[in-house]
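Trainee:
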Amino acid sequence: MRAIWIFLLLFCLTPSFGRIERVIIISVDSMNSDYLFNPQLNPNFTYTPNMGQLVRNGASFPNARGVLPSLTQVNHLSMISGYLPNKFGFPGNHIFFKENGTYLRPWRHPELIKSDTLFKAMEKEDPNYTTAVVAGKDFVGCTIWADIQVGPSCVNEGARRLGISEFPEFGIHDAPDSWVADNALKILKEVDPDAMLIHFGFLDQIQHYHGFSSTEALSQLSWADQQIGRLLEYLVESSKLNTTLIVLIADHGQTNRWKDAPLRRVLEERGIKATFYTDGSMAHIYLRDRGQLEEAVEALEESGMFDGIWVGDELKEIGLNTPYSGDIFVSLRPPYRAPVYVGPLVFSYGKPGTHGGLAETFIPLVFFGPHVKEGVFHLNASLLDVVPTISNLTGYPAPLDLDGKVLSIYDESEEVPSVKPYLAEWRKRKTSLPLGLSSLSVLILGLAFRPRKRKVSLSSLGLGLLICSLLLSQVAKLYLDSPTMPQNRFLFWNFTFPFLLFFLFPFLLSFSLLGLKGRGGLVRRLIRLGAKHLGMRGDLSPSQVLFPISVSTMIYIWLLLLLPIPYQLVSPTFSIFWYGGFFLSFLTVSNAARRKGLSLLESVVFSSIVVFPPAFFMNELVSALLFNHSLLFLPLLEMKFNL
Ligand SMILES: [Zn+2]
Numbered sequence: 026m027r028a029i030w031i032f033l034l035l036f037c038l039t040p041s042f043g044r045i046e047r048v049i050i051i052s053v054d055s056m057n058s059d060y061l062f063n064p065q066l067n068p069n070f071t072y073t074p075n076m077g078q079l080v081r082n083g084a085s086f087p088n089a090r091g092v093l094p095s096l097t098q099v100n101h102l103s104m105i106s107g108y109l110p111n112k113f114g115f116p117g118n119h120i121f122f123k124e125n126g127t128y129l130r131p132w133r134h135p136e137l138i139k140s141d142t143l144f145k146a147m148e149k150e151d152p153n154y155t156t157a158v159v160a161g162k163d164f165v166g167c168t169i170w171a172d173i174q175v176g177p178s179c180v181n182e183g184a185r186r187l188g189i190s191e192f193p194e195f196g197i198h199d200a201p202d203s204w205v206a207d208n209a210l211k212i213l214k215e216v217d218p219d220a221m222l223i224h225f226g227f228l229d230q231i232q233h234y235h236g237f238s239s240t241e242a243l244s245q246l247s248w249a250d251q252q253i254g255r256l257l258e259y260l261v262e263s264s265k266l267n268t269t270l271i272v273l274i275a276d277h278g279q280t281n282r283w284k285d286a287p288l289r290r291v292l293e294e295r296g297i298k299a300t301f302y303t304d305g306s307m308a309h310i311y312l313r314d315r316g317q318l319e320e321a322v323e324a325l326e327e328s329g330m331f332d333g334i335w336v337g338d339e340l341k342e343i344g345l346n347t348p349y350s351g352d353i354f355v356s357l358r359p360p361y362r363a364p365v366y367v368g369p370l371v372f373s374y375g376k377p378g379t380h381g382g383l384a385e386t387f388i389p390l391v392f393f394g395p396h397v398k399e400g401v402f403h404l405n406a407s408l409l410d411v412v413p414t415i416s417n418l419t420g421y422p423a424p425l426d427l428d429g430k431v432l433s434i435y436d437e438s439e440e441v442p443s444v445k446p447y448l449a450e451w452r453k454r455k456t457s458l459p460l461g462l463s464s465l466s467v468l469i470l471g472l473a474f475r476p477r478k479r480k481v482s483l484s485s486l487g488l489g490l491l492i493c494s495l496l497l498s499q500v501a502k503l504y505l506d507s508p509t510m511p512q513n514r515f516l517f518w519n520f521t522f523p524f525l526l527f528f529l530f531p532f533l534l535s536f537s538l539l540g541l542k543g544r545g546g547l548v549r550r551l552i553r554l555g556a557k558h559l560g561m562r563g564d565l566s567p568s569q570v571l572f573p574i575s576v577s578t579m580i581y582i583w584l585l586l587l588l589p590i591p592y593q594l595v596s597p598t599f600s601i602f603w604y605g606g607f608f609l610s611f612l613t614v615s616n617a618a619r620r621k622g623l624s625l626l627e628s629v630v631f632s633s634i635v636v637f638p639p640a641f642f643m644n645e646l647v648s649a650l651l652f653n654h655s656l657l658f659l660p661l662l663e664m665k666f667n668l
């Protein structure tokens with residue numbers, strides 16, 4: 026009897042590891058440390074009330090660093106294994122074969138990963154451990170092995186048994202954060218894994234298009250936070266929070282860049298031939314003649330475009346000496362980004378938000394849960410320290426000979442600070458006014474440009490333009506006013522809005538001008554000249570092209586905005602309307618031109634030449650002004666970013 030008492034007493038006194046029953050690693054793709062720790066960017070965690078509570082009540086490392094190159098797949102593998110790239114075996118999101126210039130996607134070949142991960146080490150020690158990964162990108166969901174594995178296009182048997190299926194999209198490559206959270210919650214409720222990696226991917230996509238610290242990025246950040254709030258809400262309600270260790274982290278950040286670095290030219294000027302594997306702000310350079318190594322490094326250094334150049338043994342120091350690494354690895358300094366080289370061709374990266382180099386290795390790292398010391402630690406923490414620290418706090422087995430270290434945040438106390446999940450009311454907006462206005466606009470538009478009217482008067486053109494801008498401002502207001510459904514905002518700015526600019530406005534302008542009587546401005550005369558030169562009889566009226574296009578566009582906008590379309594359908598709906606609308610517009614214009622006496626080829630040429638160049642120009646200008654995304658107006662972007 027006494028022995029039992031002593032045993033019980035000892036049992037109670039021993040700091041037990043058993044208090045942590047599950048580990049949840051939450052990785053927000055492309056979330057710079059600034060998003061959580063720069064009070065000018067996110068004062069008082071205004072955009073991230075849920076992540077803010079984890080920071081305030083946990084152990085946070087604002088100066089944590091990721092590994093090089095600062096790319097999604099590499100950093101997630103380092104995060105979940107504790108190893109530098111040379112241990113798992115490849116130096117980027119792709120494997121590049123310099124011999125023939127081809128790429129292999131490691132996420133389609135997980136067998137290429139040479140090292141263990143936390144999940145594999147757990148499985149090896151005890152198959153009863155359950156592990157899960159739910160990711161918004163295939164880079165993470167397909168690459169990292171777990172008992173339950175979910176990525177947009179990779180769902181394994183374990184996940185299928187829970188009724189989870191692939192994300193049905195064919196427009197974009199990432200699944201929305203809400204999809205990730207839905208699946209994560211399902212797994213937590215039904216399986217309750219011992220260790221789980223949840224990856225929210227959309228902030229990455231949004232920042233590539235709109236840039237670091239853009240309004241769009243902040244909006245998407247708060248959407249990711251909303252999903253974390255849902256996870257916290259479940260943990261609180263199911264009383265699981267006291268036994269959960271949460272690790273909040275990012276794989277890398279992003280910086281804004283707008284100058285394409287002429288890597289090939291810099292080397293060719295010295296007579297050095299090379300091939301390049303580039304991604305954002307990093308490049309692996311493979312020299313044709315390795316004897317020119319010293320000269321190549323000198324040329325690169327002199328160009329002043331880099332904040333880091335590594336060769337030979339230096340690659341070992343950053344763990345980048347893999348069989349697929351370049352002879353030289355470079356990190357570009359802002360504002361430079363690496364172009365994409367395909368054979369003799371060069372393509373601009375074309376987006377402002379960039380990562381891959383040194384400047385994007387600054388990430389937040391936060392631990393929250395029982396046995397975690399509270400505080401802000403300005404230490405040199407690394408993404409490599411996640412696995413050893415988890416192992417230290419939980420007793421879970423970790424892979425051997427890790428490159429990371431244990432962060433000393435162990436605390437005797439088993440108390441877990443309480444959190445109050447903050448969930449905003451999304452999508453509960455009054456849509457009747459915009460809906461009414463849109464309907465009215467279409468009605469008036471239809472009357473103003475009714476098909477039987479052959480010639481357009483200046484007043485009806487003005488009225489039509491006014492109504493169109495009214496309608497557009499209403500649509501834009503819906504998006505700009507509310508941080509709801511950032512994925513829809515993303516689709517709107519990148520696809521719907523350019524679509525309107527590409528088709529609706531140019532058609533309206535060029536064909537209305539074409540339909541007007543009397544002398545006109547230079548643009549009208551040019552269009553007329555083109556039409557006359559091609560032998561077209563008479564003019565086209567706006568009604569012949571404008572009406573079907575505006576109707577299809579508006580139906581699309583209505584569907585996207587006003588109907589509660591489930592996220593699984595947003596992307597397919599978009600694709601159907603995008604390609605459908607494109608096809609319809611082109612068909613309508615060519616057809617109208619044909620009826621005016623042009624041959625098939627001429628009518629296609631007509632609709633292409635007369636409409637597309639000014640449309641492209643206008644679209645570029647507006648994209649540069651509004652959402653930092655332009656191929657033509659780089660000086661404008663430079664000015665904006667330097668303000
Ligand atoms: Zn990433």
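For the sequence shown, counting from 1, position 524 maps to 549 in the working numbering; every step adds exactly one. Where a beta carbon is used, it is the ideal one built from N, C-alpha and C, also for glycine.
Contact defined as beta carbons within less than 8 angstroms: I believe A286 pairs with M330. What is the distance between those atoms, to the nearest angstrom?
Mentor: Here residue 286 is taken as the residue at index 261 of the sequence shown, counted from 1. Here residue 330 is taken as the residue at index 305 of the sequence shown, counted from 1. Their Cβ separation, rounded to whole angstroms, is 5 angstroms, which keeps A286 and M330 in contact under 8 angstroms.
Trainee: Roughly how many angstroms separate the alpha carbons of N267 and Q174, rounded to a whole number?
Mentor: In the sequence shown, counting from the first residue as 1, residue 267 sits at position 242. In the sequence shown, counting from the first residue as 1, residue 174 sits at position 149. Each residue's Cα considered, the two are about 26 angstroms apart.
Trainee: Determine which residues share a DSSP beta bridge with F301 and list them.
Mentor: Stepping through the sequence shown from its first residue, residue 301 is reached at position 276. I310.
Trainee: Which of helix, strand or coil does DSSP assign to F225?
Mentor: For the purposes of this step, residue 225 is taken as residue 200 along the sequence shown, with counting starting at 1. Note: F225 maps to strand in three-state DSSP.
Trainee: Please go through the same chain and pick out, in chain order, the residues whose beta-carbon is closer than 7 angstroms to the beta-carbon of S140, but skip the five residues on each side of it.
Mentor: Residue numbering aside, residue 140 sits at position 115 when the sequence shown is read from its first letter. Here the set comprises S106, Y108, K112, F113 and P424.
Trainee: Which partner residues of G333 appear in the DSSP bridge assignment?
Mentor: Position 308 of the sequence shown, counted from the start, is the residue given in the question as residue 333. In the DSSP output, where bridge partners are listed per residue, G333 has S356.
Trainee: Between the alpha carbons of P377 and H233, how many angstroms are there, rounded?
Mentor: As a position in the sequence shown, residue 377 is number 352, starting the count at 1. As a position in the sequence shown, residue 233 is number 208, starting the count at 1. The straight-line gap from Cα to Cα measures roughly 6 angstroms.
Trainee: Could you say which of G394, L318 and G381 lies nearest to R44 if we only look at CA atoms?
Mentor: For the purposes of this step, residue 44 is taken as the residue at position 19 of the sequence shown. Comparing Cα positions, the closest option is G394.
Trainee: Which first and last residues belong to the beta strand (DSSP E) in which A89 is found?
Mentor: Stepping through the sequence shown from its first residue, residue 89 is reached at position 64. It spans A84 to R90 - the beta strand (DSSP E) in which A89 sits, taken as one unbroken run.
Trainee: Along the beta strand (DSSP E) that carries S52, what are the first and last residues, could you check?
Mentor: Within the sequence shown, the letter at position 27 stands for residue 52. That run of the beta strand (DSSP E) goes R47 to V53.
Trainee: Do you know how far the Cα of V336 is from the Cα of L288?
Mentor: On the sequence shown, position 263 is the one that residue 288 refers to. On the sequence shown, position 311 is the one that residue 336 refers to. Cα-Cα distance, rounded: 16 angstroms.
Trainee: DSSP three-state call for V80: helix, strand or coil?
Mentor: Here residue 80 refers to the residue found at position 55 when the sequence shown is read from its first residue. Note: V80 maps to helix in three-state DSSP.
Trainee: Contact defined as beta carbons within less than 8 angstroms: I believe I120 pairs with L129. What is the distance between those atoms, to the nearest angstrom?
Mentor: Walking along the sequence shown from the start, residue 120 turns up at place 95. Walking along the sequence shown from the start, residue 129 turns up at place 104. So it is a contact: roughly 4 angstroms between Cβ atoms.
Trainee: Skipping 5 residues on each side, what residues in its chain have a beta carbon closer than 6 angstroms to that of G333?
Mentor: For the purposes of this step, residue 333 is identified with residue 308 of the sequence shown, where counting begins at 1. Closer than 6 angstroms at Cβ, skipping near neighbours: S356 and L383.
Trainee: Please say whether I310 and D276 have beta carbons closer to each other than 8 angstroms?
Mentor: Position 251 of the sequence shown holds residue 276. Position 285 of the sequence shown holds residue 310. Not a contact, by the Cβ cut-off of 8 angstroms.
Trainee: Let me know if S633 comes out buried or exposed under the rule of 16 or more other beta-carbons within 10 Å of its beta-carbon.
Mentor: Locating residue 633 in the sequence shown gives position 608, where the first residue counts as 1. S633 should be labelled exposed.
Trainee: Rank A84, T419, T97 and G296 by C-alpha distance to the C-alpha of W132 and give the top, closest one.
Mentor: As a first step, residue 132 is located in the sequence shown; it is residue number 107 there, counting from the start. Of A84, T419, T97 and G296, the residue nearest in Cα terms is T97.
Trainee: May I ask you to verify whether the region 77-86 touches the region 391-411, counting CB pairs closer than 8 angstroms and requiring at least 3?
Mentor: Result yes; three or more Cβ-Cβ pairs closer than 8 angstroms.
Trainee: In the DSSP assignment, the beta strand (DSSP E) including T419 goes from what residue to what residue?
Mentor: Locating residue 419 in the sequence shown gives position 394, counting from the first residue. Counting along the chain, T419 falls outside any beta strand (DSSP E), though it belongs to the alpha helix (DSSP H) covering V411 to T419.
Trainee: I'd like to confirm something about S55: is its beta-carbon nearer than 7 angstroms to some heavy atom of ligand 1, or not?
Mentor: Locating residue 55 in the sequence shown gives position 30, counting from the first residue. S55: yes, Cβ under 7 angstroms from ligand 1.
Trainee: Pop quiz: S103 and L408 are said to be a contact at Cβ under 8 angstroms. What is the actual Cβ separation, rounded to whole angstroms?
Mentor: On the sequence shown, residue 103 is found 78 positions in, with the first residue counted as 1. On the sequence shown, residue 408 is found 383 positions in, with the first residue counted as 1. That belief holds up - the Cβ atoms of S103 and L408 are roughly 6 angstroms apart, short of 8 angstroms.
Trainee: Quick test of your reading: P359 and T280, contact by CB under 8 angstroms. State the CB separation rounded to the nearest angstrom.
Mentor: Position 334 of the sequence shown, counted from the start, is the residue given in the question as residue 359. Position 255 of the sequence shown, counted from the start, is the residue given in the question as residue 280. Their Cβ separation, rounded to whole angstroms, is 5 angstroms, which keeps P359 and T280 in contact under 8 angstroms.
Trainee: Can you check the region 128-191 for any alpha helix (DSSP H) of at least 4 residues that lies completely inside it and give the ranges in chain order?
Mentor: If we require 4 residues or more, the alpha helix (DSSP H) runs fully inside the region 128-191 come out as 143-150, 163-166 and 182-185.
Trainee: Check T97 in the structure and name its three-state DSSP category.
Mentor: As a position in the sequence shown, residue 97 is number 72, starting the count at 1. Helix at T97.
Trainee: Identify, in the order they occur along the chain, each residue of the same chain with its Cβ nearer than 6 angstroms to the Cβ of A157, setting aside the five sequence neighbours on each side.
Mentor: Position 132 of the sequence shown, counting from 1, holds the residue named residue 157. Hits under 6 angstroms: A171, I173, I212, P218 and M221.
Trainee: Can you name the start and end residues of the beta strand (DSSP E) that T269 belongs to?
Mentor: Counting from 1 along the sequence shown, the entry for residue 269 is found at position 244. Note, T269: beta strand (DSSP E), T269 to I274.
Trainee: Is T97 near ligand 1, going by C-beta to nearest heavy atom under 7 angstroms?
Mentor: The residue labelled residue 97 in the question sits at position 72 within the sequence shown. Yes, ligand 1 has a heavy atom inside 7 angstroms of this Cβ.
Trainee: According to the neighbour-count rule (16 or more other Cβ atoms, all chains shown, within 10 Å of its Cβ), is T240 buried or exposed?
Mentor: The sequence position of residue 240 within the sequence shown is 215, counting from 1. Exposed, by the Cβ-count rule.
Trainee: Applying the 10 Å Cβ sphere with the 16-neighbour rule, what's the burial state of L325?
Mentor: Taking the sequence shown and counting its residues from 1, the one referred to as residue 325 is at position 300. Classification for L325: buried.
Trainee: Is N405 helix, strand or coil by DSSP?
Mentor: Here residue 405 corresponds to residue number 380 of the sequence shown, with the count starting at 1. The answer is coil: DSSP assigns N405 none of H, G, I, E or B.
Trainee: Run through the DSSP bridge pairs and tell me what D285 is partnered with.
Mentor: Counted from its first residue, the sequence shown places residue 285 at position 260. Bridge partners of D285: R362.
Trainee: Would the C-beta of D285 count as close to ligand 1, meaning under 7 angstroms from any of its heavy atoms?
Mentor: As a position in the sequence shown, residue 285 is number 260, starting the count at 1. Not under cutoff, so the answer is no.
Trainee: When you measure from the CB of H233 to every non-hydrogen atom of ligand 1, does any distance come out below 7 angstroms?
Mentor: For the purposes of this step, residue 233 is identified with residue 208 of the sequence shown, where counting begins at 1. No - ligand 1 has no heavy atom lying nearer than 7 angstroms to the Cβ of H233.
Trainee: Select from L210, A406, V165 and V371 the residue whose C-alpha is nearest the C-alpha of P135.
Mentor: Taking the sequence shown and counting its residues from 1, one reaches residue 135 at position 110. Out of L210, A406, V165 and V371, V165 has the C-alpha closest to the C-alpha of P135.
Trainee: Pop quiz: I274 and S58 are said to be a contact at Cβ under 8 angstroms. What is the actual Cβ separation, rounded to whole angstroms?
Mentor: As a position in the sequence shown, residue 274 is number 249, starting the count at 1. As a position in the sequence shown, residue 58 is number 33, starting the count at 1. With 8 angstroms as the limit, I274 and S58 do not qualify as a contact, their Cβ atoms being about 10 angstroms apart.
Trainee: How would you write the range of the beta strand (DSSP E) that F62 sits in, first residue to last?
Mentor: Walking along the sequence shown from the start, residue 62 turns up at place 37. It is not in any beta strand (DSSP E) - F62 instead sits in the alpha helix (DSSP H) that spans D59 to F62.
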